[in-house]
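Step one of this worksheet: look at the structure below.
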Amino acid sequence: MTIATDAKARRVLLAGFEPFENDPVNPAWEIARALDGWTCEGAVVQAVQLPCVFGRAIDTLDAALIGSPLQLVLCIGAAGGRTEISMERAALNIDDARIPDNAGQQPIDLPVVRDGPAAYFSTLPIKAMVRDMRAAGLPAAVSNSAGTFVCNHIFYALMHRLATRPALAHTRGGFVHVPYLPEQAASKPGVASMALDAQVEAFRVAIRTALTVRHDVRETAGRLH
Numbered sequence: 056m057t058i059a060t061d062a063k064a065r066r067v068l069l070a071g072f073e074p075f076e077n078d079p080v081n082p083a084w085e086i087a088r089a090l091d092g093w094t095c096e097g098a099v100v101q102a103v104q105l106p107c108v109f110g111r112a113i114d115t116l117d118a119a120l121i122g123s124p125l126q127l128v129l130c131i132g133a134a135g136g137r138t139e140i141s142m143e144r145a146a147l148n149i150d151d152a153r154i155p156d157n158a159g160q161q162p163i164d165l166p167v168v169r170d171g172p173a174a175y176f177s178t179l180p181i182k183a184m185v186r187d188m189r190a191a192g193l194p195a196a197v198s199n200s201a202g203t204f205v206c207n208h209i210f211y212a213l214m215h216r217l218a219t220r221p222a223l224a225h226t227r228g229g230f231v232h233v234p235y236l237p238e239q240a241a242s243k244p245g246v247a248s249m250a251l252d253a254q255v256e257a258f259r260v261a262i263r264t265a266l267t268v269r270h271d272v273r274e275t276a277g278r279l280h
């Protein structure tokens, strides 16, 4: 993790998860670390690796939120089987783990934040980000479910902090799910993948859009199911 040395430098925090469920690599962290130190629109990207562990992931995020001003926070997780970069719309106040996390924990039907709201929406311009990624020839879509595993856990925790901490009142944030890398899909016949270079470029486009678009575009991204 690279820390900005200029206390006044604006930051874009990319928080990507470590590998989980016996995979040796996680595209979420590979994307984040590939962009660590990249400057866009006067803001510097800082990468941090999140443990795939309930509770501990939030502690790591909390430590990364301290420091020079944060303009954007994008948490990133892998979603095996997805064919596109997925901009998540909403985070639910629920932990309901289908599998144990990397510490063996498997919470079922527990809140992420006790007495917190049922859900939060992303504050990123997700439709504009999808529009611009697609215009650049990079597959992307709005997703309405971040699941109920550690990805949703950190997404909800992030949005709760942005909504309740005065120091983060002007910081926008959200969650992005990404496809497998080809080397992961090689052992999973029939499962979609996307090259790391393409995913990194998609995030360059998405970050630039998020830094320059204040009001999201109004166009359909709904689904029947």
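My numbering applies: residue 56 is where the sequence shown begins, and numbers increase by one.
Cβ coordinates follow ideal geometry from the N, Cα and C atoms, glycine included.
Model, not experiment: these values are computed from the prediction.
Whose C-beta lies closer than 7 Å to the C-beta of residue i among residues of the same chain, with five residues either side of it excluded?
| i | result |
| --- | --- |
| Gly110 | none |
| Thr178 | Leu217, Arg227, Gly228 and Gly229 |
| Leu116 | Ala70, Leu105, Ile209, Ala212 and Leu213 |
| Trp84 | Gly71, Phe72, Glu73 and Gln104 |
Pick helix, strand or coil for residue i, following the three-state DSSP scheme.
| i | result |
| --- | --- |
| Thr60 | Confidence at Thr60 is low in this model, with a pLDDT of 42, below 50, so the placement of that residue should be treated as unreliable; the coordinate-derived value is given next. Note: Thr60 maps to coil in three-state DSSP. |
| Thr267 | helix |
| Gln161 | coil |
| Thr219 | helix |
| Cys95 | strand |
| Val255 | helix |
| Leu213 | helix |
| Asp114 | helix |
Just to confirm, are residue i and residue j a CB contact at a threshold of 7 Å?
| i | j | result |
| --- | --- | --- |
| His208 | Val167 | yes |
| Val205 | Ala112 | yes |
| Leu147 | Ala174 | yes |
| Ala201 | Val185 | no |
Tell me whether residue i is buried or exposed, calling it buried when 16 or more other Cβ atoms sit within 10 Å of its Cβ.
| i | result |
| --- | --- |
| Pro172 | exposed |
| Ser242 | exposed |
| Ile154 | exposed |
| His280 | exposed |
| Asn81 | buried |
Excluding sequence positions up to five away, which residues of its chain have a Cβ less than 8 Å from the Cβ of residue i?
| i | result |
| --- | --- |
| Ala59 | With a pLDDT of 40 at Ala59, under the threshold of 50, the predicted position of this residue should be treated as unreliable, and no value is reported. |
| Glu334 | In this structure the chain extends from 56 to 280, so residue 334 is not present and cannot be described. |
| Leu251 | Pro82, Glu85, Ile86, Ala89 and Leu236 |
Can you list, in chain order, the residues of its chain with a C-beta nearer than 6 Å to that of residue i? Leave out the 5 residues immediately preceding and following it.
| i | result |
| --- | --- |
| Gln160 | Phe109 |
| Leu127 | Val67, Arg227 and Ala265 |
| Asn199 | Arg144 |
| Phe75 | Cys107 and Asn157 |
| Ala247 | Thr138 and Pro234 |
| Arg189 | Ala195 |
Checking the sheet assignment: what are the DSSP bridge partners for residue i?
| i | result |
| --- | --- |
| Ala195 | Ile140 |
| Ala241 | Bridge partners of Ala241: none, in fact. |
| Phe230 | Cys130 |
Shorter than 6 Å, the distance from the beta carbon of residue i to the closest heavy atom of the ligand ADP, or not?
| i | result |
| --- | --- |
| Leu125 | As presented, the structure is devoid of all ligands, the ligand ADP included, so that no description of it is given. |
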